[in-house]
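Novice:
This is the structure:
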């Protein structure tokens with residue numbers, strides 16, 4: 012088993028103010044990007060048509076895109092689906108073409124442009140009302156997750172930790188959405204699932220940090236709160252580095268080898284793991300310190316033994 016040991020306490024909280032200022036700037040920038048550029052919503056949210064076709068040999072995606080662009084579909088998203096002989100085509104909602112005949116028209120265009128036979132595998136249509144409902148339900152799911160986490164951490168630890176944890180999670184979600192808005196990457200249901208997974212990963216990291224800080228306050232009696240937090244964070248570094256690195260290695264494989272269908276999912280998780288590790292250290296812990304966490308807040312209440320005489324002796 013690999014172990015990483017830090018013999019010297021790392022002074023993490025020396026940079027808590029610059030880290031909070033940087034995070035504030037990034038959050039403001041992310042909100043500004045989402046307000047001006049918005050998110051590049053996928054067909055799951057906007058509605059449209061998904062067409063899957065099969066080729067007898069490996070398909071040339073560049074040629075397929077050129078054929079569709081020439082026929083009046085320049086916004087069509089074309090990518091491999093499973094193998095290089097299966098192609099998935101996604102087209103946004105069109106007012107000038109009936110959805111029933113759109114699949115036949117696309118198949119006819121591809122069949123005429125290619126000498127080999129092109130087969131229709133499936134065609135699906137997502138209406139705008141369904142997409143709007145998915146968008147609303149996805150936002151409510153994220154909000155409900157944050158509220159439930161706030162309640163859980165407040166009961167499990169202490170309200171200062173709860174506010175720090177939820178602030179860190181909101182920070183991770185906003186920055187991830189800001190990245191997708193900046194790069195105009197397609198935001199579909201798989202990316203929404205990745206955002207919820209980022210919340211889970213970051214929460215796990217934050218809970219470990221909070222638990223170690225609580226133990227530190229109970230174990231170290233003569234130190235200042237900032238020193239206890241630094242020592243507690245140093246004690247979690249071995250676990251944090253190993254967990255983050257192994258997770259990132261898996262996500263890198265998905266990012267480079269998983270295909271375009273999972274590219275957005277892997278991108279969101281890669282960014283989320285990095286930013287989630289950072290927020291557990293510099294957002295959740297710093298917020299707890301700024302809110303005045305102390306040893307007295309984390310000590311367990313005294314337990315009265317049954318039958319014990321609590322009356323003062325005369």
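In the working numbering, the protein residues as written are 12 to 325.
From the three backbone atoms N, C-alpha and C, an ideal C-beta is built for every residue, glycine too.
Given that a residue counts as buried once 16 or more other Cβ atoms are within 10 Å of its Cβ, and exposed if not, what is residue 173?
Specialist: buried
Novice: Taking DSSP as the reference, what is the three-state secondary structure of residue 56?
Specialist: In the three-state reduction of the DSSP assignment, residue 56 falls in the helix class, which pools H, G and I.
Novice: Between residue 164 and residue 176, which are expected to be in contact by the criterion C-beta below 8 Å, what is the C-beta distance as a whole number of angstroms?
Specialist: 5 Å
Novice: Provide the residue span of the beta strand (DSSP E) that contains residue 304, from first to last.
Specialist: Taken as a continuous stretch (DSSP letters only), residue 304 belongs to no beta strand (DSSP E), as it is neither H nor E.
Novice: Looking only at its own chain, which residues have a Cβ that is under 8 Å from the Cβ of residue 42, when we skip the five neighbours before and after it?
Specialist: Only residues of its own chain outside the window of five on either side were considered, and among them 185, 189 have a CB closer than 8 Å to the CB of residue 42, listed in chain order.
Novice: Let me check understanding here. Comparing Cα to Cα, which of 48, 120, 47, 125 lies closest to residue 71?
Specialist: Just measuring C-alpha positions, the residue of 48, 120, 47, 125 sitting nearest residue 71 is 125.
Novice: Is the beta carbon of residue 44 closer than 9 Å to that of residue 198?
Specialist: no
Novice: Please list, in chain order, all residues of the same chain as residue 24 whose beta carbon is under 6 Å from its beta carbon, the five residues on each side excluded.
Specialist: 237, 240, 241
Novice: So, at 6 Å on beta carbons, what are the nonlocal neighbours of residue 22 in its own chain, with the 5 sequence-adjacent residues on each side left out?
Specialist: 241
Novice: Got a sec, what are the start and stop residues for the alpha helix (DSSP H) residue 191 sits in?
Specialist: Unbroken alpha helix (DSSP H) run through residue 191: 170 to 194.
Novice: Could you give the C-beta distance for residue 113 and residue 129, rounded to a whole number, given that I count them as a contact under 8 Å?
Specialist: The pair is not a contact, with the Cβ atoms about 15 Å apart (cut-off 8 Å).
Novice: Could you tell me if residue 283 is buried or exposed, where buried requires 16 or more neighbouring beta carbons within 10 angstroms of its beta carbon?
Specialist: buried
Novice: Please list, in chain order, all residues of the same chain as residue 97 whose beta carbon is under 6 Å from its beta carbon, the five residues on each side excluded.
Specialist: Only 65 meet the Cβ criterion.
Novice: I'd like to know whether the C-beta atoms of residue 273 and residue 263 end up nearer to each other than 9 Å.
Specialist: no
Novice: Buried or exposed for residue 19, please, with buried defined as at least 16 other CB atoms from any protein chain shown within 10 angstroms of its CB.
Specialist: So residue 19 counts as exposed.
Novice: Starting from residue 94 and walking both ways along the beta strand (DSSP E), at which residues does that stretch end?
Specialist: Note, residue 94: beta strand (DSSP E), 94 to 102.
Novice: Let me know the secondary structure DSSP gives residue 133 once reduced to three states.
Specialist: strand
Novice: Could you spell out the range, first to last residue, of the alpha helix (DSSP H) harbouring residue 289?
Specialist: 274 to 290
Novice: Ordered along the chain, which non-local residues of its own chain (more than five positions away) have a Cβ less than 6 Å from that of residue 193?
Specialist: Only 44 meet the Cβ criterion.
Novice: Assuming residue 223 and residue 247 make a contact with CB atoms under 8 Å, what is their CB distance in whole Å?
Specialist: Contact flag correct, Cβ pair sits at about 5 Å.
Novice: By the 10 Å Cβ neighbour count, where 16 or more other Cβ atoms means buried, how is residue 276 classified, buried or exposed?
Specialist: Around the CB of residue 276, 16 or more other CB atoms lie within 10 Å, so the residue is classed as buried.
Novice: So the candidates are 281, 149, 121; which of them puts its Cα closest to the Cα of residue 255?
Specialist: 281
Novice: Anyone know if the C-beta pair for residue 187 and residue 294 falls short of 9 Å?
Specialist: no
Novice: Taking the alpha carbon of residue 191 as the point to measure from, which residue in 203, 181, 180 has its own alpha carbon closest?
Specialist: 203
Novice: For a test of the three-state rule: what should DSSP assign to residue 84, helix, strand or coil?
Specialist: coil
Novice: Near residue 89, which residues of its chain fall below 6 Å by C-beta distance, leaving aside the five closest residues on each side in sequence?
Specialist: 72, 75, 76, 100
Novice: I'd like to confirm the pairing. Which residues does DSSP put opposite residue 61 in its beta bridges?
Specialist: 101, 135
Novice: Could you round the C-beta distance between residue 296 and residue 220 to whole angstroms and report it? I think they count as a contact, below 8 Å.
Specialist: 6 Å
Novice: Residue 95: buried (16+ other C-beta within 10 angstroms of its C-beta) or exposed?
Specialist: exposed
Novice: Could you spell out the range, first to last residue, of the alpha helix (DSSP H) harbouring residue 222?
Specialist: Residue 222 -> alpha helix (DSSP H) spans 200 to 230.
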